[in-house]
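Below is one structure, written out as structure tokens, with a few remarks after it.
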């Protein structure tokens, strides 16, 4: 769930990377969309993943 300042509400993330799953859900990344249509803006510089 993310807060959208434009819509002034809280919305689920609608997209994610299907090759990166956490707790049964695809991991969202910079540029993914929310259900209100907003685009996620990442402030984190990098992400590391490790094979399980």
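Numbering (our numbering), first residue to last: 18 to 69. Ideal placement from N, C-alpha and C gives every residue a C-beta, glycine not left out.
Between the CA atoms of residue j and residue i - distance to the nearest angstrom
i, j, result
"residue 38", "residue 52", "19 Å"
"residue 49", "residue 67", "21 Å"
"residue 32", "residue 58", "13 Å"
"residue 65", "residue 26", "30 Å"
"residue 22", "residue 28", "11 Å"
"residue 19", "residue 56", "11 Å"
"residue 124", "residue 60", "In the structure displayed, the chain extends from 18 to 69; residue 124 sits before or after that span and is not available."
Option in the options with minimal Cα separation from residue i
i, options, result
"residue 62", "56, 54, 47", "47"
"residue 24", "40, 41, 54, 18", "54"
C-beta contact flag for residue i and residue j at 8 Å
i, j, result
"residue 35", "residue 45", "no"
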